[in-house]
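As structure tokens, the structure follows; a few thoughts come after it.
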Amino acid sequence: MSWADATVHWLHLTAAILWVGGTLFTSLVVHPVLSEKLSVGERSAVYEALGRRLNAVQWGTWAVLLATGLWKLWGLRATPDVFLGPFGRILAVKLTLVALMVALSLIHSLSWGPALTRGNLTPPARAALARRAAFWGKINALVMLAIVFCAALLRYNPW
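With the first letter of the sequence shown counted as 1, position 102 gets the number 101 in numbering that gives the first Met the number 0; the numbers rise by one all the way through.
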């Protein structure tokens, strides 16, 4: 492995840690504490500020993940044949999960999150949207963990 490849791999792992870690920290630590300690209005203000900061970090990491992921694929000299073996099938599952994760993250960042912090929803509508966002946020966290698992499998299934 060249220094360039090692650096790209390190950048890819670091960006993945920031993306997944930020999401898991928010859902497993921040959300429970805020739900217990703050009113709905106070939580909305904190979530709005947190969301802006986390989005900047996470979408920055997405750019790094995309660039480094493409570099890594190019380094494989990937052709359609790569998807015929175990490595390729795992890679296809990982890439599908990444697409799902990005879609769910976009929906949350561009629709649900802003709607919850605007404050123009009725209490029942806000509660319903909060439940929907929380449910899909948990699904997204599981998808992220599945992506990490696929990455671990890829490490031990060289093509």
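Backbone N, C-alpha and C define an ideal beta-carbon position, used for all residues, glycine too.
Rounded to whole angstroms, how far is the Cβ of H11 from the Cβ of L64, which I believe are closer than 8 Å? 6 Å
Quick one: Cα of G112 to Cα of V19, how far? 18 Å
Within the same chain, show all residues whose beta-carbon is closer than 7 Å to that of D4, passing over the 5 residues directly before and after it, in chain order. G74
So, with DSSP's three-state summary, where would you put T25? helix
So, do the segment 87 to 101 and the segment 39 to 49 have three or more beta carbon pairs nearer to each other than 8 Å? no
Between G21 and V56, how many whole angstroms is the CB-CB distance? I'm expecting something under 8 Å. 6 Å
Distance check for W58 and E35, CA to CA, integer angstroms please. 29 Å
Just reading off the alpha helix (DSSP H) that R52 is part of, what are its end residues? 39 to 74
Would you call the segment 96 to 104 and the segment 123 to 141 touching, i.e. three or more CB-CB distances under 8 Å? yes
Rounded C-beta distance between L26 and A140? I'm assuming under 8 Å. The amino acid at residue 26 is misidentified as Leu; the sequence shows Ser. Going by Cβ atoms, the distance from S26 to A140 rounds to 5 Å, so yes, they are a contact pair.
For I146, is the classification buried or exposed, using 16 other Cβ atoms within 10 angstroms of its Cβ as the cut-off for buried? buried
N-terminal and C-terminal residue of the alpha helix (DSSP H) that N139 is part of: 122 to 154
Could you tell me the distance, in whole angstroms, from the CA atom of P85 to the CA atom of P122? 49 Å
Please determine, among K93, L94, R131, the residue with the shortest C-alpha to C-alpha distance to S110. R131
In angstroms with no decimal places, state the Cα-to-Cα distance between L96 and V142. 6 Å
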